[in-house]
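Here you go:
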């Protein structure tokens, strides 16, 4: 073992034990490995990139967006049917009329050229981002969820994650932002920025449907959101 790394270990462990600004299921393990492990470049490629893999946005229709019902969210008892309908309408509202309205952005001031798609939910104001994990031979960027997947993720978040007024102090859910999260953690929540990071590389290039991918990530999203409560 490198002696320099060995003497750095107690200091880093002390820092990790008091790191209230960062929460991750495997944060401590990642720090230890970086101190006493082999010096090698980490990678998030837990998948085999396939040639001519279909674009997740080739099928674009809002018809597959399953509506949230009054059995799936808490609605105050005693309100009128009109108010109940208005509440459900708010839950099911989207901030766009067509998937093409979702824009692709390039992150600035980073060591790598990072592109991502961004969608802001109309009901919660939570931002959902999907970062490109690969560029194919034709120069096309591949996304785990894509434009329609981001809208579906926002919908399923409202359906599956219990939330109250604290949701309006929550910033974003970021999928595959490997400038922040790597393959050593499934999820990460940073209280200072109120941002959640999810590693979805396990589901890439596996021919899973959008709902299967989101269903696989949802337990991690639920767990990380608990840190925001």
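In mature numbering (1 follows the signal peptide of the UniProt record, and there is no 0), the protein residues as written are -22 to -1, 1 to 207.
Every residue gets a Cβ at the ideal spot worked out from N, C-alpha and C, and that includes glycine.
Residues 45 and 46 of the same chain have their beta carbon placed closer than 7 Å to that of residue 70, with the five preceding and five following residues left out of the count.
A check of alpha carbon separations from residue 201 across 96, 107 and 135 identifies 135 as the nearest. Each of 118, 73 and 117 was checked against the Cα of residue 97, and the nearest Cα belongs to 73. Within the same chain, 127 and 130 come within 6 Å of residue 188 by CB-CB distance, once the 5 residues on both sides are set aside.
Counting the other CB atoms within 10 Å of its CB gives residue 155 a total of 16 or more, which places it among the buried residues. Segment contact: the region 112 to 125 against the region 57 to 67, fewer than three CB-CB distances shorter than 8 Å; contact not assigned. Scanning its chain for C-beta atoms nearer than 8 Å, with the 5 sequence neighbours on each side dropped, one finds around residue 80 the residues 74, 95, 96, 97, 125, 128 and 129, in chain order.
Taking 3 residues as the minimum length, the beta strand (DSSP E) runs contained wholly in the region 81 to 118 are 81 to 85, 92 to 98 and 105 to 109, in order along the chain.
Between residue 132 and residue 106, the C-beta gap is smaller than 8 Å, which places the two residues in contact. Put simply, of 199, 78, 158 and 28 the residue whose alpha carbon is nearest the alpha carbon of residue 141 is 199. Here the alpha carbon of residue 83 sits roughly 16 Å from the alpha carbon of residue 122. DSSP lists no beta-bridge partner residue for residue 158. When 43, 157 and 182 are compared, the shortest CA-CA separation from residue 77 is found for 43.
For residue 152, DSSP records a beta bridge to 107 and 175.
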